[in-house]
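Trainee: The number in this note's numbering is simply the position in the sequence shown, starting from 1, with 41 added.
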Amino acid sequence: AYPGAQVLVARQGRIVYHQAWGYHTDAEARPVRLTDIYDLASVTKVSSALPALMKAYGEGRFALDAPLSQYIPDFRRSNKADLPFRAMLAHHARLRPWVPYWQGTLRGNARYPWQRRWENERTSDYRFRCRTFARDSSARFPVFVTDDLWLHRDYQRQIFRAIRKSPLREKAEYTYSGLLFYLLPDMVARMEGENFETYLKETFYHPLGAYTLTYNPLRFFPEERIVPTERDTFFRMQLLHGTVHDEGAAMMGGVSGNAGLFANAYDLAKLMQLYLSRGHYGGEQLMPAMALDTFTARHFADEGNHRGLGFDKPALVYDPASSSVAEAASAASFGHAGYTGTFAWADPEEELLFLFLSNRVYPTRANRGLYIRGIRPRIHTVLYEAIREGE
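1) Quick check on I413: does DSSP put it in helix, strand or coil?
2) Tell me the DSSP secondary structure of L309 in three-state form.
3) At what residues does the alpha helix (DSSP H) containing F397 begin and finish?
4) Could you have a look at F375 and say whether DSSP puts it in helix, strand or coil?
5) Three Cβ pairs or more, each shorter than 8 Å: is that satisfied between the stretch 204 to 212 and the stretch 220 to 237?
6) What does DSSP give as the partner residues of A175 in its beta bridges?
7) Just verifying my parser: in three-state terms, what is the DSSP assignment at W143?
8) Can you check the stretch 72 to 145 for any alpha helix (DSSP H) of at least 4 residues that lies completely inside it and give the ranges in chain order?
9) Can you tell me where the alpha helix (DSSP H) holding L221 begins and where it ends?
10) In terms of residues, what are the limits of the alpha helix (DSSP H) holding Q197?
11) Pull up the distance between the alpha-carbon of W191 and that of V268, whole angstroms please.
12) Here's a check: name, in chain order, each residue in its chain whose Cβ is nearer than 6 Å to the Cβ of S119, leaving out the five neighbours to either side.
13) Report the residue from Y359, Q197, M232 whose alpha carbon sits nearest the alpha carbon of A290.
14) Would you kindly report the start and end of the unbroken alpha helix (DSSP H) that includes E271?
15) Counting only the same chain and skipping the five closest in sequence on each side, list residues whose C-beta sits under 6 Å from that of L357.
16) Per DSSP, what kind of secondary structure is Y153 in: helix, strand or coil?
17) From H65 to Y43, what does the alpha carbon distance come to, in whole angstroms?
18) On the criterion of 16 or more Cβ atoms from any shown chain inside 10 Å, does L292 qualify as buried, or is it exposed?
19) Quick one: what does DSSP say G45 is sitting in, helix, strand or coil?
20) Out of curiosity, what's the CA-to-CA distance linking G415 and P141?
21) In its own chain, which residues sit with a C-beta less than 6 Å from the C-beta of L124, not counting the 5 before and 5 after it?
22) Does the distance from the CB of E160 to the CB of N150 come in under 7 Å?
23) Within its chain, find whatever has a CB closer than 6 Å to the CB of A128; leave out the 5 residues flanking it on each side and keep chain order.
24) To the nearest angstrom, how far is it from the Cα of P418 to the Cα of R231?
25) So what does DSSP say about E162, is it helix, strand or coil?
26) To the nearest whole angstrom, what separates the beta carbons of G376 and W386, a pair I think is in contact under 8 Å?
27) Would T253 be called buried (16 or more neighbouring beta carbons within 10 Å of its own) or exposed?
28) With a threshold of 16 other CB atoms inside 10 Å of the CB of M278, please say whether the residue is buried or exposed.
29) Hey, T85 and G301 are a contact pair by Cβ (cut 8 Å); roughly how many whole angstroms apart?
30) Mind checking whether P389 and A373 have CB atoms under 7 Å apart?
This is the structure:
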């Protein structure tokens, strides 16, 4: 199901279980240690731009019902100009699930999947359009993707253009989408007047002592502390080790609100405990409690949408075949899962935290054992059973 993992459980503000199992990879006898760092994938959605938005909302500087164009003026003439943030954060705004940006760089393919001549199967081509990728870095190609794949300095504008031009779905209903989260880092940087990464570290991560929570971890940590993620066989054609797994985030220089963060379970738990404690940590109020209450609540439940704002929540009707959480998880609970095999969940009613970090996509994303065996909900269920037995 996965080569190795870290598991952390905390109850009532205290760690009651913290263990590492297995190895970095099936081919490498390097045991996973508690200090090792994993690619968090979509857990980034609730760990990067979202705390910044919650803080701004609680301080009256961000309005959930404001349209996208109010905070991102480039979208004023877009079909998304009037989409409210509340609906977008709840995945209820008619946005497409995703755009495979890197496939639009291939010569012979259309730029966007909604255009003619788009071929979903066109991968491993490596005949790139002009002004997309180069094999060596230069002033024109400064964005690192791999040692021999550098993105053009202007291509990130094409990513924003793709989001701006993407067609909307016909019906407003729950559709999980990462598109908004690519836009949020620049928006937060403008709101705060500060570099996005710097703001997150100075405002949240470092006050929590969560120093492994970072983008592009090879800048700060030795490679041996970072767990390899996947052998990419269709885009980067190499082992992804310390570079972000998500293709779109890779083309954003490793920094996005959709994916890109790395951390160990201990440091991620500090951020989740901040949420569980309604913005209070270590004697300080780092964000207003009312913001946590608002973002972790359901907003479109009457329309069949179980999500909070940014946060995932238990399904309205429990389905053991698809759920990552225990059936016993309360309706107040919240968290998020990541494609690479990561998971963070908080339950205020039980004061319970559960974190599971793995590289389940190693050696490739075809490895679905984590889902097939229901490992995370089974562990989660055991935790609730232990609580009931102790009462």
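Note that the Cβ used here is the ideal one computed from N, Cα and C, for glycine as well.
Mentor: Let's see:
1) Residue numbering aside, residue 413 sits at position 372 when the sequence shown is read from its first letter. If DSSP states are grouped into helix, strand and coil, I413 belongs with the helices.
2) As a first step, residue 309 is located in the sequence shown; it is residue number 268 there, counting from the start. Of the three classes helix, strand and coil, the one that applies to L309 here is helix, per DSSP.
3) The sequence position of residue 397 within the sequence shown is 356, counting from 1. Here F397 belongs to no alpha helix (DSSP H); instead the beta strand (DSSP E) covers 393 to 399.
4) Indexing the sequence shown from 1 puts residue 375 at position 334. Residue state, collapsed to three classes: strand.
5) yes
6) Locating residue 175 in the sequence shown gives position 134, where the first residue counts as 1. In DSSP, A175 forms a bridge with W191.
7) Along the sequence shown, read from residue 1 onward, the residue named residue 143 stands at position 102. In this structure, W143 counts as helix in the three-state DSSP scheme.
8) 90 to 99, 109 to 112, 126 to 130
9) The residue you call residue 221 lines up with position 180 of the sequence shown. 220 to 233 is the extent of the alpha helix (DSSP H) around L221.
10) Translated into positions along the sequence shown, residue 197 becomes position 156. Element bounds for Q197: 196 to 206.
11) Residue mapping note: residue 191 aligns to position 150 of the sequence shown, counting from 1. Residue mapping note: residue 268 aligns to position 227 of the sequence shown, counting from 1. Each residue's Cα considered, the two are about 23 Å apart.
12) Taking the sequence shown and counting its residues from 1, the one referred to as residue 119 is at position 78. R205, listed in sequence order.
13) In the sequence shown, residue 290 corresponds to position 249, counting from 1. Of Y359, Q197, M232, the residue nearest in Cα terms is Q197.
14) Start at 1 with the first residue of the sequence shown, and residue 271 comes out as number 230. Per DSSP, E271 belongs to no alpha helix (DSSP H); it is in the beta strand (DSSP E), 271 to 273.
15) In the sequence shown, the residue the question calls residue 357 occupies position 316. These residues qualify, in order along the chain: H347.
16) In the sequence shown, the residue the question calls residue 153 occupies position 112. Note: Y153 maps to coil in three-state DSSP.
17) One-based indexing of the sequence shown puts residue 65 at position 24. One-based indexing of the sequence shown puts residue 43 at position 2. Roughly 9 Å between the two C-alpha positions.
18) Position 251 of the sequence shown, counting from 1, holds the residue named residue 292. Looking at the sequence shown, residue 292 is not Leu but Met. By the neighbour-count rule (16 or more Cβ atoms within 10 Å), M292 is buried.
19) As a position in the sequence shown, residue 45 is number 4, starting the count at 1. Strand, per DSSP.
20) As a working note, residue 415 is residue 374 in the sequence shown. As a working note, residue 141 is residue 100 in the sequence shown. Whole-angstrom Cα-Cα distance: 28 Å.
21) Counted from its first residue, the sequence shown places residue 124 at position 83. Same-chain partners within the cutoff: L109, A134.
22) Taking the first residue of the sequence shown as position 1, residue 160 is located at position 119. Taking the first residue of the sequence shown as position 1, residue 150 is located at position 109. Their beta carbons are under 7 Å apart, which means E160 touches N150 by this criterion.
23) Residue mapping note: residue 128 aligns to position 87 of the sequence shown, counting from 1. Closer than 6 Å at Cβ, skipping near neighbours: A134.
24) Counting from 1 along the sequence shown, the entry for residue 418 is found at position 377. Counting from 1 along the sequence shown, the entry for residue 231 is found at position 190. Roughly 39 Å separates the two Cα atoms.
25) Working through the sequence shown from its first residue, we reach residue 162 at position 121. Three-state DSSP puts E162 in coil, outside helix and strand.
26) Start at 1 with the first residue of the sequence shown, and residue 376 comes out as number 335. Start at 1 with the first residue of the sequence shown, and residue 386 comes out as number 345. Correct: roughly 3 Å between the Cβ atoms.
27) Within the sequence shown, residue 253 is the residue found at index 212, counting from 1. Answer is buried; the Cβ neighbour count reaches 16.
28) For the purposes of this step, residue 278 is identified with residue 237 of the sequence shown, where counting begins at 1. By the 10 Å Cβ count, M278 comes out exposed.
29) Position 44 of the sequence shown, counted from the start, is the residue given in the question as residue 85. Position 260 of the sequence shown, counted from the start, is the residue given in the question as residue 301. Confirmed, about 6 Å.
30) Within the sequence shown, the letter at position 348 stands for residue 389. Within the sequence shown, the letter at position 332 stands for residue 373. In contact: P389 and A373 (Cβ atoms closer than 7 Å).
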